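A.B. asks: Top to bottom, those sequences are chains A and B. Residue numbering for the first sequence follows numbering that gives the first Met the number 0, beginning at 0 and increasing consecutively. Residue numbering for the second sequence follows numbering that gives the first Met the number 0, beginning at 0 and increasing consecutively.
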Amino acid sequence: MSGASSGSDTGDDGATSGRDDVEGEHEGDGEREGRPAMEAVRYDDGTLAYPGHPIGPEGGEPVETVDLSEHTAEIVTWTTSTAPPPGVPEPNHLAVVEFDLDGEAVRALGQLTTGDVEIGEAVAPTYVEQLREPGAGIREPGSQEWDGYRFEPTG
Amino acid sequence: MTQFGQREAWIRELLAEAGQACLDDTGVPPTEIEHLYVANMASGEFEGQTGVPNALAHDLSCLPAYAQRVDQTSASGGAGIYAAWQSVASGASGMTLLVGGEKMTHRSTAETTDVIASLTHPVEYKHGVTLPSFAGLTARRYLETTDAPRESLARVAVKNHRNGVDNPHAQFRTEITVEDVLASPIVADPLRLYDFCPITDGAAALLFCPVEVAAEYADDYAVVAGIGGATDTHVVHERAEPTTMNAVVESGREAYGMAGYGPEDVDVAELHDMFTILEFLQMEGLGFAEERRAWEAVEEGRTEREGELPTNTSGGLKSKGHPLGASGVAQGYEIYKQILGEAGPRQVDADVGLACNVGGFGNCVTTTIVEAGA
Chain A
0 MSGASSGSDT GDDGATSGRD DVEGEHEGDG EREGRPAMEA VRYDDGTLAY PGHPIGPEGG
60 EPVETVDLSE HTAEIVTWTT STAPPPGVPE PNHLAVVEFD LDGEAVRALG QLTTGDVEIG
120 EAVAPTYVEQ LREPGAGIRE PGSQEWDGYR FEPTG
Chain B
0 MTQFGQREAW IRELLAEAGQ ACLDDTGVPP TEIEHLYVAN MASGEFEGQT GVPNALAHDL
60 SCLPAYAQRV DQTSASGGAG IYAAWQSVAS GASGMTLLVG GEKMTHRSTA ETTDVIASLT
120 HPVEYKHGVT LPSFAGLTAR RYLETTDAPR ESLARVAVKN HRNGVDNPHA QFRTEITVED
180 VLASPIVADP LRLYDFCPIT DGAAALLFCP VEVAAEYADD YAVVAGIGGA TDTHVVHERA
240 EPTTMNAVVE SGREAYGMAG YGPEDVDVAE LHDMFTILEF LQMEGLGFAE ERRAWEAVEE
300 GRTEREGELP TNTSGGLKSK GHPLGASGVA QGYEIYKQIL GEAGPRQVDA DVGLACNVGG
360 FGNCVTTTIV EAGA
């Protein structure tokens, strides 16, 4: 696993900051510069969620954020979608991956950089400025972020 | 219910067609309708027509009936059954008309897929995930972690197409083979085109009233014996096991509990086969098969029309079609026909029927158990 520092970077990010921390606070961290965190939330019972929700599954409060982009994950399952909606790469390789952060598992769905993968394979998040063309689909472009992380096999 | 398929009619006309047919069939005057529910996911997004409950109340001369839209994405119809049942069970309405419908085929496949995918969380939507791709992700996991052969999924499509041949309302009335399914184009690997339901226009309607009122209008009628609804995570990857649909399990448990029946008492079932894999997951979630063993029941023919639990005798969403808001209502319509012995060449021996309507990718589910009245 990369990011052996346990991934807790709440000291920098704060509990709710998404992209605002990108400029300045990570100066000197070349890998992080210019890109936001892939922000999971840790609740007060120790469980993790990506994305975070205001209330945890057992009623827990979010207490810190964890940047998943600094960790590797394993492919739980994957597919290649050949009929994607407007503004989406075709074909669109997608996977559900699982991060293991010191024994606490958290999953994420995201695009893959290739369709040549297997269940159980290790992948690392790689930053992409635009995963999907804003405004090409039905969703209001200003209502959400469009950048994020694709998963790339580490092997 | 209306003919399902590619229709020239728009949403108002489809809803009115189904609603009027239901009133004509039951002999209930429109002025008797106290509550009117319209199950519909996205008439505004698809067509630019909102306010459809009021439009339908006017078109059917149900004024001044209370009218309300019920949206629970693909499970809007099942949620409509729940709302209609609640209105009568609570005493708020003595006569409730439920009409579900959707107009979709004027949009391209990509646009339609996007309207449906708009139900996803932003962290999912930005990756271009679609409901078919959730199905591909889940089917791969199911095939990798069970002994199910790929062909078992194809057999669901083959069975439901065969059933649809005998349904005059179905969009597709042609048989297909396992080879056809496995040779069709990949949509979301490992699933192919014939693992998916089509894009459909159509509407269906049901009338709800207290049992004593039903007896005034008809000798034969069906009774809602049990109903339950439940939700699962909005973000699909947050589920502990991708092949378990908790909202199916919970809604089934609630419906069985209210009805006093178990899975062994069900004679006929309509399951939400938007994708072939969903039929397996609902069979397991509702107790018709052991966990991760539903594929065996399909392989052994137990879900065929002649089997011990005929499943999707209507042809299912797969061959009948899937006009989003109409589907749950049309499932109820098929169970009603089966219970009353009015299903024609599709008829099976059934006293108790179950319909399971799934929204999102198992995000919201309603399960209804119906038995014969009187």
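From the three backbone atoms N, C-alpha and C, an ideal C-beta is built for every residue, glycine too. For clarity, every value in this text was computed on a predicted model and none was experimentally measured.
Return the CA-CA distance between Thr242 (chain B) and Ala153 (chain B), expressed in angstroms with no decimal places.
C.D. replies: Going from the Cα of Thr242 (chain B) to the Cα of Ala153 (chain B) covers about 18 Å.
A.B. asks: In the DSSP output, which residue or residues are listed as bridge partners for Arg41 (chain A)?
C.D. replies: Answer is A:Leu47, A:Glu63, bridged to Arg41 (chain A).
A.B. asks: On the DSSP bridge assignment, give the partners of Ser80 (chain A) in chain order.
C.D. replies: Ser80 (chain A) pairs with A:Asn91, B:Ala187.
A.B. asks: What three-state label does DSSP hand Ser73 (chain B) in the structure shown?
C.D. replies: It is a strand residue.
A.B. asks: Is the Cβ-Cβ distance between Asn39 (chain B) and Gly324 (chain B) less than 8 Å?
C.D. replies: Going by C-beta atoms, Asn39 (chain B) is nearer than 8 Å to Gly324 (chain B).
A.B. asks: Assuming Gly314 (chain B) and Ala169 (chain B) form a contact by the criterion Cβ under 8 Å, report the distance between their Cβ atoms to the nearest whole angstrom.
C.D. replies: Right, their Cβ atoms sit about 5 Å apart.
A.B. asks: Which of the three DSSP states is assigned to Thr230 (chain B) in this structure?
C.D. replies: The answer is strand: DSSP assigns Thr230 (chain B) an E or B state.
A.B. asks: Secondary structure at Tyr332 (chain B), three-state DSSP: helix, strand or coil?
C.D. replies: Correct three-state label for Tyr332 (chain B): helix.
A.B. asks: Can you confirm whether Ile118 (chain A), when its beta carbon is compared against all beta carbons of chain B, has any partner nearer than 8 Å?
C.D. replies: With 8 Å as the cut-off, Ile118 (chain A) counts as an interface residue toward chain B.
A.B. asks: Would you kindly work out how many angstroms separate the C-alpha atoms of Asp20 (chain A) and Thr64 (chain A), rounded to a whole number?
C.D. replies: Interpretation of Asp20 (chain A) is limited by its pLDDT of 36, a score under 50 that renders its predicted location unreliable; no figure is taken from the coordinates.
A.B. asks: Measure from the alpha carbon of Ala156 (chain B) to the alpha carbon of each residue in B:Asn166, B:Ala239, B:Cys196, then state which is nearest.
C.D. replies: With distances taken between Cα atoms, Ala156 (chain B) lies closest to B:Cys196.
A.B. asks: Using a C-beta cutoff of 8 Å, does Gly45 (chain A) count as contacting chain B?
C.D. replies: So no, Gly45 (chain A) is outside the interface.
A.B. asks: When you compare each of B:Gln71, B:Tyr65, B:Asn362, B:Lys102 to His233 (chain B) by their alpha carbons, which one comes out closest?
C.D. replies: The shortest C-alpha separation from His233 (chain B) is found at B:Asn362.
A.B. asks: Just curious, the beta strand (DSSP E) that Tyr126 (chain A) is in, first and last residue?
C.D. replies: Where Tyr126 (chain A) is concerned, the enclosing beta strand (DSSP E) stretches over 121 to 127.
A.B. asks: Within 10 angstroms of the Cβ of Gln143 (chain A), are there 16 or more other Cβ atoms? Answer buried if so, exposed if not.
C.D. replies: So Gln143 (chain A) ends up on the exposed side.
A.B. asks: Kindly list the residues whose CB is nearer than 8 Å to the CB of Val186 (chain B), restricted to its own chain and excluding five residues on each side of it in sequence; keep chain order.
C.D. replies: Here the set comprises Pro131, Gly135, Leu192, Asp194, Phe195.
A.B. asks: Just to make sure I have the definition right: I need the residues of chain A whose C-beta is within less than 7 Å of the C-beta of Thr275 (chain B). Which are they?
C.D. replies: By Cβ distance, chain A contributes nothing, its closest Cβ being about 14 Å from Thr275 (chain B), past 7 Å.
A.B. asks: Could you have a look at His271 (chain B) and say whether DSSP puts it in helix, strand or coil?
C.D. replies: Note: His271 (chain B) maps to coil in three-state DSSP.
A.B. asks: I want to see whether chain B comes within less than 8 Å of Ser68 (chain A), judged by CB atoms only; does it?
C.D. replies: Not one chain B Cβ lies under 8 Å of Ser68 (chain A).
A.B. asks: Are any of the Cβ atoms in chain B nearer than 8 Å to that of Thr71 (chain A)?
C.D. replies: Chain B contact via Cβ: absent.
A.B. asks: If we define contact as Cβ-Cβ less than 8 Å, is Glu249 (chain B) a contact residue for chain A?
C.D. replies: No, its Cβ sits nowhere closer than 8 Å to a Cβ of chain A.
A.B. asks: Note down, in chain order, all residues in the region 109 to 133 of chain B with a beta-carbon under 8 Å from any beta-carbon belonging to chain A.
C.D. replies: Cβ contacts with chain A: Ala109, Glu110, Thr112, Asp113, Val114, Ala116, Ser117, His120, Pro121, Val122, Glu123, Tyr124, Lys125, His126, Gly127, Val128, Thr129, Pro131, Ser132.
A.B. asks: According to DSSP, Leu323 (chain B) sits in a beta bridge with which residue or residues?
C.D. replies: Its beta-bridge partners do not exist; DSSP assigns none.
A.B. asks: Taking the beta strand (DSSP E) that Val369 (chain B) falls in, what are its first and last residues?
C.D. replies: Note, Val369 (chain B): beta strand (DSSP E), 363 to 371.
A.B. asks: Flag this pair as yes or no: are the beta carbons of Gly18 (chain B) and Ala204 (chain B) separated by less than 8 Å?
C.D. replies: Yes. Within cutoff.
A.B. asks: With a threshold of 8 Å between beta-carbons, can Arg234 (chain B) be considered close to chain A, or not?
C.D. replies: The identity of residue 234 (chain B) in the sequence shown is Val, whereas the question assumes Arg. So, interface residue.
A.B. asks: Between the region 159 to 186 of chain B and chain A, which residues of the former have a C-beta closer than 9 Å to a C-beta of the latter?
C.D. replies: Of all residues in the region 159 to 186 of chain B, Pro184, Ile185, Val186 have a Cβ within less than 9 Å of some Cβ in chain A.
A.B. asks: For Ser73 (chain B) and Gly327 (chain B), what's the separation of their Cα atoms in angstroms?
C.D. replies: Looking at the two C-alpha atoms, the distance is approximately 8 Å.
A.B. asks: Specify the secondary structure class of Glu97 (chain A) as computed by DSSP and reduced to three states.
C.D. replies: Three-state DSSP puts Glu97 (chain A) in a strand.
A.B. asks: If you measure beta-carbon to beta-carbon, which residues of the region 143 to 157 of chain B are closer than 8 Å to chain A?
C.D. replies: Within the region 143 to 157 of chain B, the residues whose Cβ lies closer than 8 Å to some Cβ of chain A are Glu143, listed in chain order.
A.B. asks: So Pro187 (chain A) and Thr46 (chain A) are supposed to be a Cβ contact under 8 Å. How far apart are they, rounded?
C.D. replies: One cannot answer for residue 187 (chain A) here, as it falls past the ends of chain A, which runs 0 to 154.
A.B. asks: Ignore the nearest five residues each way along the sequence and tell me which others in Gly136 (chain A)'s own chain have a CB closer than 6 Å to its CB.
C.D. replies: Same-chain partners within the cutoff: Pro84, Pro85, Gly86.
A.B. asks: Pop quiz: Val369 (chain B) and Ala221 (chain B) are said to be a contact at Cβ under 8 Å. What is the actual Cβ separation, rounded to whole angstroms?
C.D. replies: Rounded, the Cβ-Cβ distance is 5 Å, consistent with contact.
A.B. asks: What did DSSP end up calling Tyr260 (chain B) once you bin it into helix, strand or coil?
C.D. replies: Coil.
A.B. asks: With a cut-off of 8 Å, does the C-beta of His25 (chain A) fall near any C-beta of chain B?
C.D. replies: With a pLDDT of only 37 at His25 (chain A), under 50, the local geometry of the prediction cannot be trusted, and no value is derived from it.
A.B. asks: Under 7 Å between beta-carbons, which chain B residues line up against Pro83 (chain A)? List them in chain order, please.
C.D. replies: Simply Gly127, Thr129.
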